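What follows is a short report on a single structure.
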Amino acid sequence: MITLGIDSGSLTTKAIVLIDNNIAGKCVLPTGEDGETSARSAVSNCLTQLNLNPENMNSIPVVATGIGAKSLTFVSQHKAITTCLARGIRYMLPQVRMIIDMGAESSTVIKINDRGRIVDWANHDKCASGTGLFLQQMAKLMAISIEEMSTISFKAKSRPEITSTCAVFAESEVISHIHRIPPTPMPDVVAGIYCSVASRILALCKRVGIEKEVAVTGGVALNRGLINIIEEEMGFKVLIPENPQLVAALGAAIIAGESAEKGIYR
Amino acid sequence: MIFTGIDIGSRGTKTVILQNDHILASTIRDTGPDSVKTAYSAINATLKDTGYTLDDINYTVATGYGRVLVPFANENISEISCHAKGINYYYPSVRTILDMGGQDCKAIRCDEKGNVTNFVMNDKCAGGTGRFLEMIAEVLNLPLSQIGDEALRSQRSTPFNTICAVFAKSEAITYLRRGISRSDILAGLNDEQSRYRKRFFHHRWYC
Numbered sequence: 002m003i004t005l006g007i008d009s010g011s012l013t014t015k016a017i018v019l020i021d022n023n024i025a026g027k028c029v030l031p032t033g034e035d036g037e038t039s040a041r042s043a044v045s046n047c048l049t050q051l052n053l054n055p056e057n058m059n060s061i062p063v064v065a066t067g068i069g070a071k072s073l074t075f076v077s078q079h080k081a082i083t084t085c086l087a088r089g090i091r092y093m094l095p096q097v098r099m100i101i102d103m104g105a106e107s108s109t110v111i112k113i114n115d116r117g118r119i120v121d122w123a124n125h126d127k128c129a130s131g132t133g134l135f136l137q138q139m140a141k142l143m144a145i146s147i148e149e150m151s152t153i154s155f156k157a158k159s160r161p162e163i164t165s166t167c168a169v170f171a172e173s174e175v176i177s178h179i180h181r182i183p184p185t186p187m188p189d190v191v192a193g194i195y196c197s198v199a200s201r202i203l204a205l206c207k208r209v210g211i212e213k214e215v216a217v218t219g220g221v222a223l224n225r226g227l228i229n230i231i232e233e234e235m236g237f238k239v240l241i242p243e244n245p246q247l248v249a250a251l252g253a254a255i256i257a258g259e260s261a262e263k264g265i266y267r
Numbered sequence: 066m067i068f069t070g071i072d073i074g075s076r077g078t079k080t081v082i083l084q085n086d087h088i089l090a091s092t093i094r095d096t097g098p099d100s101v102k103t104a105y106s107a108i109n110a111t112l113k114d115t116g117y118t119l120d121d122i123n124y125t126v127a128t129g130y131g132r133v134l135v136p137f138a139n140e141n142i143s144e145i146s147c148h149a150k151g152i153n154y155y156y157p158s159v160r161t162i163l164d165m166g167g168q169d170c171k172a173i174r175c176d177e178k179g180n181v182t183n184f185v186m187n188d189k190c191a192g193g194t195g196r197f198l199e200m201i202a203e204v205l206n207l208p209l210s211q212i213g214d215e216a217l218r219s220q221r222s223t224p225f226n227t228i229c230a231v232f233a234k235s236e237a238i239t240y241l242r243r244g245i246s247r248s249d250i251l252a253g254l255n256d257e258q259s260r261y262r263k264r265f266f267h268h269r270w271y272c
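Okay, structure coming up:
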């Protein structure tokens, strides 16, 4: 059986195709202006990878999640991002009890039990502090790429404290570090930024209570430098699934399969 | 008797010279990176046409976040107390002041003598501060001085769902690309900011 999962995020749209519960195709595209268009092209992209006709989209069970899911017209069902993440992580790393999902515009922490059910969760989406957008803005400010930022952070000798929660105020703090005499070395500034993000995430984790194993998902999980500092702050190693930004889409595709088996739709 | 007040804010430095309870001169300028230098240049610019020098001033009070860096000040007083005294000079009947500065936002309660009785402050987030307006003006490619009038020309304000300056900026860019007018975007932002302030102050006040 073929099923599809779509995660329509604020910055990127992710799609995954499952054939008999095995990942057969995947795609990550920028969301752009219109969620529907990017979701459709992500799905077409996946289906053409498998030599399937994208016209057949309507005969495949599709579950959508993410912030833009409600605006998609061609899907069979919407599911909460927390549900999809829990299901996706159970497929990839069944030992995980806590998921930290770090997206472009929000961070979510989900606690799950040994049966993969959600016990508790906490989420932060009110402001840019501690999100992917925050990191992107900092990279732009320092005129380096997100990847370079991650690489140089390992060379940091100290970690200047960035005290502001607000991304705008943190930006001024970073500017004053760069223009200080003598200037704070770039790797140290980056490490300071990562520390402030890590402390924001840690506070969110503490709201639901930290439980091992911990996995980090979402696009920000690809940032090795930040993960390194999160691990230091936590005091233990975290797990990063393969393709961390696709976990919610995977969960959606699994749910699509289960619903189809139960004959809920189509 | 000549008294001066100097307010070194996060973005602007303001100076007033009082002679026998009347405003003799005043200036406003950007704070810049060196507060000590700014303090001197601000006071000298204010004194310029008055015929007095720094030595003629009987007493100086410094306020604002850079108040400790004013070398010629006789006293440092928090901007909250100064706001209450200042508004009492103009409008003795005022009991609540909403102070919207460059990097923070405060609400201050005062009595008939201009003494502070209570205050709440938001300095954690750039939402609804002068800094926020600056960022938006930049995105919309308008001078800061024009965004007020531009907002008033709006026919239908665009709904914004966020007070976060970073999110609001990207939302504004999206709306611009969709062809929504700058005045409708500004009006929407103003609506959201007002709602936010009202919520924030109500919540803090009665907690």
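Protein chains in written order, with the working numbering: chain A, 2 to 267; chain B, 66 to 272. Where a beta carbon is used, it is the ideal one built from N, C-alpha and C, also for glycine. Keep in mind the model is a prediction, meaning the values are calculated, not measured.
So A:Pro31 is in the beta strand (DSSP E); what residue range does that whole segment cover? Translated into positions along the first sequence, residue 31 of chain A becomes position 30. Its beta strand (DSSP E) spans residues 23-31.
Any beta carbon from chain B within less than 8 angstroms of A:Thr38's own beta carbon? Counting from 1 along the first sequence, the entry for residue 38 of chain A is found at position 37. Output row for A:Thr38: interface = no.
Can you list the residues of chain C that A:Thr166 reaches, using a CB-CB cut of under 9 angstroms? Looking for chain C here will not work: the only protein chains present are A and B.
Quick check on the DSSP output: what are the complete alpha helix (DSSP H) runs of length 4 or more inside the region 88-123 of chain A, in order along the chain? none
With distances taken Cα to Cα, identify the nearest neighbour of A:Trp122 among A:Ile194, A:Ile61, A:Leu134, A:Arg98. Here residue 122 of chain A corresponds to residue number 121 of the first sequence, with the count starting at 1. For the residues A:Ile194, A:Ile61, A:Leu134, A:Arg98, the minimum Cα distance to A:Trp122 belongs to A:Arg98.
N- and C-terminal bounds of the alpha helix (DSSP H) containing B:Tyr56: Outside the displayed span of chain B (66 to 272) sits residue 56 of chain B, for which this structure offers no information.
Using a Cβ-Cβ cutoff of 8 angstroms, what residues of the region 218-245 of chain B are near chain A? List them in chain order. Thr227, Ile228, Cys229, Ala230, Val231, Phe232, Ser235, Thr239, Arg242, Arg243
Closest Cα partner of B:Asp12 within the set B:Asp99, B:Phe266, B:Phe68: Any property of residue 12 of chain B remains undetermined from this structure, which presents chain B solely from 66 to 272.
Around the Cβ of A:Met143, are there at least 16 other Cβ atoms within 10 angstroms (buried) or fewer (exposed)? The count along the first sequence starts at 1 and reaches residue 143 of chain A at position 142. It counts as buried.
For the putative contact between A:Ala249 and A:Gly117, defined by C-beta atoms under 8 angstroms, what is the C-beta separation to the nearest angstrom? As a first step, residue 249 of chain A must be located in the first sequence, where it is residue number 248. As a first step, residue 117 of chain A must be located in the first sequence, where it is residue number 116. That pair is no contact at about 14 angstroms.
Check for me: the beta strand (DSSP E) holding B:Cys175 runs from which residue to which? Indexing the second sequence from 1 puts residue 175 of chain B at position 110. Its beta strand (DSSP E) spans residues 170-175.
Just the C-alpha distance for B:Gln168 and A:Glu243, rounded to the nearest angstrom, thanks. In the second sequence, counting from the first residue as 1, residue 168 of chain B sits at position 103. In the first sequence, counting from the first residue as 1, residue 243 of chain A sits at position 242. Their backbone Cα atoms lie some 42 angstroms apart in a straight line.
Pull up the distance between the alpha-carbon of B:Val204 and that of B:Gly195, whole angstroms please. Within the second sequence, numbered from 1, the residue matching residue 204 of chain B stands at position 139. Within the second sequence, numbered from 1, the residue matching residue 195 of chain B stands at position 130. Taking the straight line from one Cα to the other gives about 14 angstroms.
Say whether chain B places a C-beta atom closer than 8 angstroms to the C-beta of A:Leu134. Against the first sequence, residue 134 of chain A aligns to sequence position 133. So, interface residue.
Decide if the region 68-79 of chain A is in contact with the region 173-186 of chain A; the criterion is three or more beta carbon pairs, one per stretch, under 8 angstroms apart. no
Would a check of beta-carbon distances place B:Arg196 closer than 8 angstroms to chain A? Counting from 1 along the second sequence, the entry for residue 196 of chain B is found at position 131. Yes, B:Arg196 lies at the interface with chain A (some Cβ there is under 8 angstroms from its Cβ).
Using beta-carbon positions only, say whether A:Phe135 and A:Ala168 come within less than 8 angstroms of one another. Here the question's residue 135 of chain A lines up with position 134 in the first sequence. Here the question's residue 168 of chain A lines up with position 167 in the first sequence. Yes, they are a contact pair.
Suppose the cutoff is 6 angstroms on Cβ atoms and the five residues either side in sequence are ignored; what does the same chain contact list for A:Asn224 look like? Taking the first sequence and counting its residues from 1, the one referred to as residue 224 of chain A is at position 223. Answer for A:Asn224: Ser151, listed in chain order.
Does chain B have any CB closer than 8 angstroms to the CB of A:Glu106? One-based indexing of the first sequence puts residue 106 of chain A at position 105. It does: the Cβ of A:Glu106 has a partner Cβ on chain B nearer than 8 angstroms.
At a CB-CB cut-off below 7 angstroms, which residues of chain B make contact with A:Ala129? As a first step, residue 129 of chain A must be located in the first sequence, where it is residue number 128. Per Cβ cutoff of 7 angstroms: Cys229, Val231, Phe232.
Closest residue to A:Met1 among A:Leu247, A:Ala81, A:Ile101 (Cα-Cα distance): Here chain A covers residues 2 to 267 and nothing more, so residue 1 of chain A does not appear.
Collapsed DSSP secondary structure at B:Leu205 in the structure displayed: Locating residue 205 of chain B in the second sequence gives position 140, counting from the first residue. Reduced to three states, the DSSP call for B:Leu205 is coil.
For a minimum of 3 consecutive residues, which ranges assigned as the beta strand (DSSP E) are wholly contained in the region 69-104 of chain B? 77-84, 87-95
Under a three-way DSSP split, which group does A:Glu212 fall into? Position 211 of the first sequence holds residue 212 of chain A. A:Glu212: coil per DSSP, three-state reduction.
Between the alpha carbons of A:Ala40 and A:Lys141, how many angstroms are there, rounded? By 1-based counting over the first sequence, the position of residue 40 of chain A is 39. By 1-based counting over the first sequence, the position of residue 141 of chain A is 140. If you take the alpha carbons of A:Ala40 and A:Lys141, they lie about 27 angstroms apart.
In the DSSP assignment, the alpha helix (DSSP H) including A:Val221 goes from what residue to what residue? By 1-based counting over the first sequence, the position of residue 221 of chain A is 220. Careful: A:Val221 lies outside any alpha helix (DSSP H) and carries neither H nor E.
Bounding residues of the alpha helix (DSSP H) (the contiguous stretch that carries A:Ala43): Counting from one through the first sequence, the residue named residue 43 of chain A turns up at place 42. 36-50 is the extent of the alpha helix (DSSP H) around A:Ala43.
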